[in-house]
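The sequence shown begins at 11 in the numbering used here and counts up one residue at a time.
Working notes for the structure below.
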Amino acid sequence: MKVKLSPPNAHDIHYLIDLPKFMEIVDQDDLARRKSKTIRNAYHQYWFDDADSAFPSFDSPVFYLDNGVARFINGRHRTLMLLRHLDCLPMALASLDGCPFMTDQPSSASVSALREISIRRINNQETFEFPCLPIVYLGFDQNIGK
């Protein structure tokens with residue numbers, strides 16, 4: 011299934027992230043905060059802005075780096091489910107050491123971590139090949155209030 015990305019928030023920047031490398035630097039306590047106990051091989055209908063279109067707009071996971079450690083703003087479930095199927099994932103970076111805004115002098119650990127996990131910065135007009143999985147209602151999503 012081909013997807014495009016929903017526009018990021020004003021200060022967020024989309025990167026193509028190497029998922030195995032990302033998982034090495036993610037805060038495991040933060041990752042465990044996801045509410046769902048079971049992760050099905052399916053997309054939540056609210057992860058897309060226009061699920062019925064030819065190129066649905068995917069709401070990418072959003073994270074930030076704090077002294078070289080990745081923490082989620084949202085998208086834990088999406089990331090873990092897609093980790094089963096993809097080696098890299100478009101993700102939105104919210105900040106380096108200054109959540110929610112970029113600081114003037116991010117730590118060298120965060121700059122190094124971004125270099126390590128990012129394959130490249132993404133043009134928001136790109137499309138990506140995602141696994142063909144059902145798009146269903148997976149229950150209430152606290153991040154979007156539905």
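All residues carry an ideal CB built from backbone N, CA and C; glycine is no exception.
Just so you know, these numbers come straight off a predicted model, no measurement behind them.
Going residue by residue through the stretch 68 to 142, where are the continuous alpha helix (DSSP H) segments of at least 4 residues, counting only ones entirely within it? 86 to 93, 118 to 127
Measuring CB atoms only, is the stretch 116 to 132 touching the stretch 45 to 58, in the sense that at least three cross pairs come out at less than 8 Å? no
List the endpoints of the continuous alpha helix (DSSP H) containing I35. On the sequence shown, position 25 is the one that residue 35 refers to. Where I35 is concerned, the enclosing alpha helix (DSSP H) stretches over 29 to 35.
Would you call the stretch 17 to 36 and the stretch 79 to 88 touching, i.e. three or more CB-CB distances under 8 Å? yes
Given a threshold of 16 other Cβ atoms within 10 Å of its Cβ, counted over all protein chains shown, does S105 qualify as buried or as exposed? The sequence position of residue 105 within the sequence shown is 95, counting from 1. Buried, by the Cβ-count rule.
So what does DSSP say about Y56, is it helix, strand or coil? For the purposes of this step, residue 56 is taken as residue 46 along the sequence shown, with counting starting at 1. DSSP places Y56 in helix when its eight states are reduced to three.
Between which residues of its own chain and D59 is the CB-CB distance below 6 Å, once the five residues before and five after are set aside? By one-based count along the sequence shown, residue 59 stands at place 49. If we look at D59 and ignore the five residues flanking it on each side, its Cβ neighbours are S16, S67.
Answer with buried or exposed for S160, where buried requires no fewer than 16 other C-beta atoms within 10 angstroms of its C-beta. Residue 160 lies beyond the stretch modelled for the chain, which goes from 11 to 156, so this question has no answer here.
Going by the DSSP bridge assignment, what does I145 pair with across the sheet? As a first step, residue 145 is located in the sequence shown; it is residue number 135 there, counting from the start. Per DSSP, Y53.
Residues bridged to K14 [DSSP beta-bridge criterion]: Within the sequence shown, the letter at position 4 stands for residue 14. Paired residues: S67, T137.
Am I right that I27 and S118 are in contact with their C-beta atoms under 8 Å? What's the rounded C-beta distance? Locating residue 27 in the sequence shown gives position 17, where the first residue counts as 1. Locating residue 118 in the sequence shown gives position 108, where the first residue counts as 1. Contact flag wrong, Cβ pair sits at about 20 Å.
Can you tell me the Cα-Cα spacing of T89 and P116, whole angstroms? Position 79 of the sequence shown, counted from the start, is the residue given in the question as residue 89. Position 106 of the sequence shown, counted from the start, is the residue given in the question as residue 116. When rounded, the distance between both Cα atoms is 25 Å.
Leaving out the 5 sequence neighbours to the left and right, which residues in its chain are closer than 6 Å to N133 when beta-carbon positions are compared? Taking the sequence shown and counting its residues from 1, the one referred to as residue 133 is at position 123. Correct list: empty, nothing qualifies.
Got a sec, what are the start and stop residues for the alpha helix (DSSP H) D39 sits in? Position 29 of the sequence shown, counting from 1, holds the residue named residue 39. Residues 38 to 41.
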